[in-house]
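Here the structure is laid out as structure tokens; the discussion comes afterwards.
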Amino acid sequence: MGIHHRKRKIPYIPQMQQTECGLCCAAMITRYYKSQSSLSELRDFIEAGRDGLTLYQLNSLLLSLKFETHVYKTEFEGLWQLELPAILYWNDNHYVILEEIGPSKAVIVDPAFGRKKLTREELHQSFSNYAVTVKPSDEFVPVRKKENIWYSFFSDVFHHKYLFLKIVLLSFITYLFTLSIPIAVQYLIDEVVMKNKFSQLNSLIGTAAGLIAFFGLLIYIRGKNLISFQMVLEKSLMGKTFMHLLRVPYKFFEVRSFGDILFRMNSLHIIRDLLSEQLIKGLIDFGSIFFILMYMLYSSPVLAGAALILFFINGALTMYTRPHILEANQHEIAENSKLQTIQVEALYSILGVKTTGLEDTVYKNWNHQFNRALQKFKKRSEIQNSYTSVQTTIQTLSPLLILLIGIYLFAQKSISLGEMIAFHTLSITFFAVGVSIFQTYNNFLLANAYLERVRDITDSETEENPEKPAGAQITGDIKLSDVSFSYTKHSEKVVKKISMHIKRGEKVAIVGPSGSGKSTLSKILLGLYMPTEGEIYYDDIELGRYNKQELRQQMGIVPQDINLFNNSIMENIKMNKEDVTMEDIQKAASVAQIAEEIESMPMGYHTLVSEMGMNLSGGQRQRIALARALISQPKVIILDEATSSLDSINEALVGDYLKEMGCTRIVIAHRLSTIYDSDRIFVMENGSIIDEGTHAELIGNKGLYFELYKTQLDSKEELAI
122 MGIHHRKRKI PYIPQMQQTE CGLCCAAMIT RYYKSQSSLS ELRDFIEAGR
172 DGLTLYQLNS LLLSLKFETH VYKTEFEGLW QLELPAILYW NDNHYVILEE
222 IGPSKAVIVD PAFGRKKLTR EELHQSFSNY AVTVKPSDEF VPVRKKENIW
272 YSFFSDVFHH KYLFLKIVLL SFITYLFTLS IPIAVQYLID EVVMKNKFSQ
322 LNSLIGTAAG LIAFFGLLIY IRGKNLISFQ MVLEKSLMGK TFMHLLRVPY
372 KFFEVRSFGD ILFRMNSLHI IRDLLSEQLI KGLIDFGSIF FILMYMLYSS
422 PVLAGAALIL FFINGALTMY TRPHILEANQ HEIAENSKLQ TIQVEALYSI
472 LGVKTTGLED TVYKNWNHQF NRALQKFKKR SEIQNSYTSV QTTIQTLSPL
522 LILLIGIYLF AQKSISLGEM IAFHTLSITF FAVGVSIFQT YNNFLLANAY
572 LERVRDITDS ETEENPEKPA GAQITGDIKL SDVSFSYTKH SEKVVKKISM
622 HIKRGEKVAI VGPSGSGKST LSKILLGLYM PTEGEIYYDD IELGRYNKQE
672 LRQQMGIVPQ DINLFNNSIM ENIKMNKEDV TMEDIQKAAS VAQIAEEIES
722 MPMGYHTLVS EMGMNLSGGQ RQRIALARAL ISQPKVIILD EATSSLDSIN
772 EALVGDYLKE MGCTRIVIAH RLSTIYDSDR IFVMENGSII DEGTHAELIG
822 NKGLYFELYK TQLDSKEELA I
């Protein structure tokens, strides 16, 4: 078996969501063949959805990108016969790219972890017998790089251009002061010391003291302006990104972990510091090095030439190490993102961790990921340390070399003593500024990895709203006409051909076994998912004609999983609605049968709810969420087993209140005892409605509803025994 490898490395692109490994492999292949298609552009061809891509879908995507592909089902030994790069099916649930393979070692590029060297045994253990070879067809045309990913963030700087230019100007003046010192030293040596004009010292000292005071004032003013610039930049970056995040469709959050999203939002601080400090510093450094070089060329072309050679050696070193540092940085970011995800998940599910005694298991999982992140940090730091060591050596020794050449030229009477000392002093600044420019360049390149993750948020399309939305008020009349839904264009439908008419004020129930599509249908009714086929009408107006936010403000939902905010009970019910009075809050709490419990607490409605409502019981959280849904007197309310914490008498009181309001009630029922009084009951199975009617009618039909009812009845009898 020979060694199979590619001449170039596969560019690593980390997956932005948990199900996009196939899409990332396709993106890396296109990037390898010099086509700059982004992940967001590939999503336009095919969406990974919540289940990822099948091998057939991945192959179809590559064909649509004008690649020539061959799909192989092969044993492990067949890998040596493949033309590389090849996409491998991995651990029966993942895709990676095989970059290189030899007799005992292989190199893969994993969208989740980056480039990895594997032993023959590790490769054999994970390879799942399917491979796709990919190469450009005759019709393949590379996509040239379009907009620079920094452009939209630079636009935030341009929005505050006067403040930015003010800081640049102040920085430039302070740099002029710094650069004038070697020239002043040359003047003192050549014109004062060498010519014995010591009588000028008093006036020169006075002038120097005044200039130093002015210099200090400039530094202070620049610092104050820089703080102001950082604040407006932070407000702009965070505000714009968070607002966009809130407006992306609900399915965006279903395929990304909260920990990863938080990691991306926190990355904005790195981008802010780059734009507010490094960008200004880079511009000033670039201008400074140009002026220093002009002066050096004017003073001594020989010394300037030597300085330039050393400068370009440093630049070549930067370009050589750049791809290694970039890749190591991407790997470190990916591992840190996974680490934060584990931490957030552990905290969110701490009750389950405690009640099942899984502390050691969770810690073991966290510690494994922590060590992975630590290893990536070590690798990146070691590469940077090697680069920095050589760079610092060049920076330190270069001025000494310039001084030695200067001494030789001074001995040859080519330059004066003052010029030699000034040139040496300037060369120290020249090389320091040069290193600073290369570091700024590297920092911007390293920030690309953070920026790509933030752009995954900002490039995602927001929920579609019409330019001229329909009237905001609804009455609660809902029609569904042949509504079907699938998570992606190519995935199986999870809701199929549903038609129903729910009249204003009706109570309808949706029942069915687990996985039948009940919760998905409720999200479609709320506009969280848009139908793949068919139409939904509110008051005979198509759902797409409404502003989604305004529509949902007239609807209430009490889900199974209740999330409360880290705020007072009053604010959790009120939800920042300015027109809600204390009397309204108390009435909603009373109807939800939680008022007495709230009022018995020492702080009453001002009692602070811990994050996720952990200091309240499940029943209390459910009833506070019910009060929240009732506070705005919704026209439609969706209750997903929302009254399970109420006894039958209080449940009836809540139902009577909603009926008096004329509110349309849609109940996602798991306990059938809560829906006996429904006007109609829809029975779902495998995404379709298979039966409908009243409780009595469905019992008489002896279908699935009867079986569900009988099962629950038998369970109650067993409990009673």
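Letter 438 of the sequence shown, counting from 1, is numbered 559 in the working numbering, and no numbers are missing.
All C-beta atoms in this analysis are idealised placements derived from N, C-alpha and C, irrespective of residue type, glycine included.
If you scan the segment 726–810 from start to end, which runs of the alpha helix (DSSP H) of 4 or more residues do you find wholly inside it?
Complete alpha helix (DSSP H) runs here, min 4: 739–751, 769–782.
Look at Ile-401 and Leu-358 and say whether their C-beta atoms are less than 8 Å apart.
For this step, residue 401 is matched to residue 280 along the sequence shown. For this step, residue 358 is matched to residue 237 along the sequence shown. The answer is no: Cβ separation not under 8 Å.
Supposed contact pair Ile-208 and Ile-218 - C-beta distance, whole angstroms, cut 8 Å
The residue given as residue 218 occupies position 97 in the sequence shown. The residue given as residue 208 occupies position 87 in the sequence shown. That belief holds up - the Cβ atoms of Ile-218 and Ile-208 are roughly 6 Å apart, short of 8 Å.
In whole angstroms, what separates the C-alpha of Arg-236 from that of Val-228?
Along the sequence shown, one-based indexing puts residue 236 at 115. Along the sequence shown, one-based indexing puts residue 228 at 107. Between Arg-236 and Val-228, the C-alpha separation is close to 7 Å.
Considering only their Cβ atoms, is the gap separating Leu-566 from Leu-404 smaller than 8 Å?
Taking the sequence shown and counting its residues from 1, the one referred to as residue 404 is at position 283. Taking the sequence shown and counting its residues from 1, the one referred to as residue 566 is at position 445. The Cβ atoms of Leu-404 and Leu-566 lie no closer than 8 Å to each other.
Runs of beta strand (DSSP E) lying entirely within the segment 667–721, each at least 3 residues, in chain order
Qualifying beta strand (DSSP E) stretches, in chain order: 676–679.
Gly-734 CB to nearest heavy atom of the ligand GDP below 7 Å
Of the ligands one can find in the structure shown there are none, so the ligand GDP has no counterpart to examine.
For Pro-590, tell me which candidate among Gly-665, Ser-301, Ile-619, Thr-517 has the shortest Cα-Cα distance.
The residue given as residue 590 occupies position 469 in the sequence shown. The residue with the shortest Cα to Cα distance from Pro-590 is Gly-665.
When we look at the beta-carbon of Gly-199 and count the other beta-carbons within 10 Å, is it buried (16 or more) or exposed?
Mapped onto the sequence shown, residue 199 falls at position 78. Under this definition Gly-199 is an exposed residue.
Would Ala-553 and Gln-516 qualify as a contact pair, given that the criterion is a beta-carbon distance under 8 Å?
For the purposes of this step, residue 553 is taken as the residue at position 432 of the sequence shown. For the purposes of this step, residue 516 is taken as the residue at position 395 of the sequence shown. Their beta carbons are under 8 Å apart, which means Ala-553 touches Gln-516 by this criterion.
Do Phe-373 and Ser-581 have their C-beta atoms within less than 8 Å of each other?
Against the sequence shown, residue 373 aligns to sequence position 252. Against the sequence shown, residue 581 aligns to sequence position 460. Against a cut-off of 8 Å, the Cβ pair of Ser-581 and Phe-373 comes out as a contact.
Distance between Asn-564 and Ile-558 (C-alpha atoms, nearest Å)
Walking along the sequence shown from the start, residue 558 turns up at place 437. Walking along the sequence shown from the start, residue 564 turns up at place 443. Whole-angstrom Cα-Cα distance: 10 Å.
DSSP beta-bridge partners of Met-386
What you label residue 386 is simply residue 265 of the sequence shown in a count that begins at 1. Paired residues: none, contrary to the question.
For Ala-543, which of Val-775, Ser-421, Thr-476 has the nearest alpha-carbon?
The count along the sequence shown starts at 1 and reaches residue 543 at position 422. Checked all of Val-775, Ser-421, Thr-476; the closest Cα to Ala-543 is Ser-421.
Ends of the beta strand (DSSP E) at Ser-602?
For the purposes of this step, residue 602 is taken as residue 481 along the sequence shown, with counting starting at 1. Following the DSSP letters along the chain, one finds Ser-602 inside the beta strand (DSSP E) bounded by residues 599–606.
Asn-569, enclosing alpha helix (DSSP H) - first and last residue
Counting from one through the sequence shown, the residue named residue 569 turns up at place 448. 538–579 is the span of the alpha helix (DSSP H), which, as asked, contains Asn-569.
Ignoring anything shorter than 4 residues or poking outside the segment 324–396, list the alpha helix (DSSP H) runs there in chain order.
Taking 4 residues as the shortest admissible run, the segment 324–396 contains the following complete alpha helix (DSSP H) segments, listed from N- to C-terminal end: 372–375, 379–394.
Please list, in chain order, all residues of the same chain as Tyr-193 whose beta carbon is under 6 Å from its beta carbon, the five residues on each side excluded.
Along the sequence shown, one-based indexing puts residue 193 at 72. The answer, listed in chain order, is Ala-252.
Please report the distance separating the alpha-carbon of Lys-823 from that of Gly-473.
Start at 1 with the first residue of the sequence shown, and residue 823 comes out as number 702. Start at 1 with the first residue of the sequence shown, and residue 473 comes out as number 352. For Lys-823 and Gly-473, the distance between alpha carbons rounds to 39 Å.
Assuming Ala-713 and Leu-760 are in contact, meaning their beta carbons sit under 8 Å apart, how far apart are those beta carbons, in whole angstroms?
Translated into the one-based positions of the sequence shown, residue 713 becomes position 592. Translated into the one-based positions of the sequence shown, residue 760 becomes position 639. The C-beta distance from Ala-713 to Leu-760 rounds to 12 Å, too long to fall under 8 Å, and the pair is not in contact.
Limits of the unbroken alpha helix (DSSP H) element including Ala-425
Working through the sequence shown from its first residue, we reach residue 425 at position 304. Start and end: 422–469.
Helix, strand or coil: how does DSSP classify Met-621 here?
As a working mapping, residue 621 is identified with position 500 in the sequence shown. In this structure, Met-621 counts as strand in the three-state DSSP scheme.
DSSP bridge partner residues for His-215 (one or two, in chain order):
Here the question's residue 215 lines up with position 94 in the sequence shown. Paired residue(s): Trp-211.
According to the neighbour-count rule (16 or more other Cβ atoms, all chains shown, within 10 Å of its Cβ), is Asn-450 buried or exposed?
Mapped onto the sequence shown, residue 450 falls at position 329. Its Cβ being crowded by 16 or more others within 10 Å, Asn-450 is buried.
Have a look at Leu-205, Leu-186, Lys-287, Phe-279 and flag the residue whose alpha-carbon is nearest the alpha-carbon of Asp-259.
Working through the sequence shown from its first residue, we reach residue 259 at position 138. Nearest of Leu-205, Leu-186, Lys-287, Phe-279 to Asp-259, Cα basis: Leu-186.
How far does the beta strand (DSSP E) with Val-511 in it extend, from its first residue to its last?
As a working note, residue 511 is residue 390 in the sequence shown. No beta strand (DSSP E) holds Val-511; the alpha helix (DSSP H) holding it covers 480–532.
Between the C-alpha atoms of Ser-794 and Arg-152, what's the straight-line distance to the nearest angstrom?
Position 673 of the sequence shown holds residue 794. Position 31 of the sequence shown holds residue 152. In this structure, the CA atom of Ser-794 is about 58 Å from the CA atom of Arg-152.
Answer yes if the segment 633–649 comes into contact with the segment 789–807, meaning at least three C-beta pairs across the two stretches below 8 Å, and no otherwise.
Contact holds between the segment 789–807 and the segment 633–649, because three or more Cβ pairs, one in each stretch, are under 8 Å apart.
On the DSSP letters alone, give me the boundaries of the beta strand (DSSP E) that Met-256 sits inside.
The residue given as residue 256 occupies position 135 in the sequence shown. Note that residue 256 corresponds to Lys in the displayed sequence, not to Met. Element bounds for Lys-256: 248–257.
With a 10 Å radius around its C-beta and 16 neighbouring C-beta atoms as the bar for buried, classify Gln-178 as buried or exposed.
Position 57 of the sequence shown holds residue 178. Gln-178 is buried by the Cβ-count criterion.
Does the segment 341–353 come close enough to the segment 287–299 to have 3 or more Cβ pairs within less than 8 Å?
Three or more Cβ pairs drawn from the segment 341–353 and the segment 287–299 lie within less than 8 Å of each other, which places the two stretches in contact.
Residue span of the alpha helix (DSSP H) that contains Glu-398, given as start and end:
To locate residue 398, count along the sequence shown from 1; it is residue 277. Looking at the DSSP string, Glu-398 is not in any alpha helix (DSSP H), and its letter there is neither H nor E.
Rounding to the nearest angstrom, what Cα-Cα distance links Phe-335 and Ser-301 in this structure?
Locating residue 335 in the sequence shown gives position 214, where the first residue counts as 1. Locating residue 301 in the sequence shown gives position 180, where the first residue counts as 1. In this model, Phe-335 and Ser-301 are separated by some 14 Å (Cα to Cα).
Does the segment 379–393 touch the segment 480–496, meaning 3 or more C-beta pairs lie closer than 8 Å?
Short answer: they don't touch.
Give me, in chain order, the residues of the same chain whose beta-carbon lies closer than 8 Å to that of Ile-434; leave out the 5 immediate sequence neighbours on both sides.
Against the sequence shown, residue 434 aligns to sequence position 313. Sequence-distant Cβ neighbours of Ile-434 in its own chain, meaning closer than 8 Å and more than five residues away, are Ile-515.
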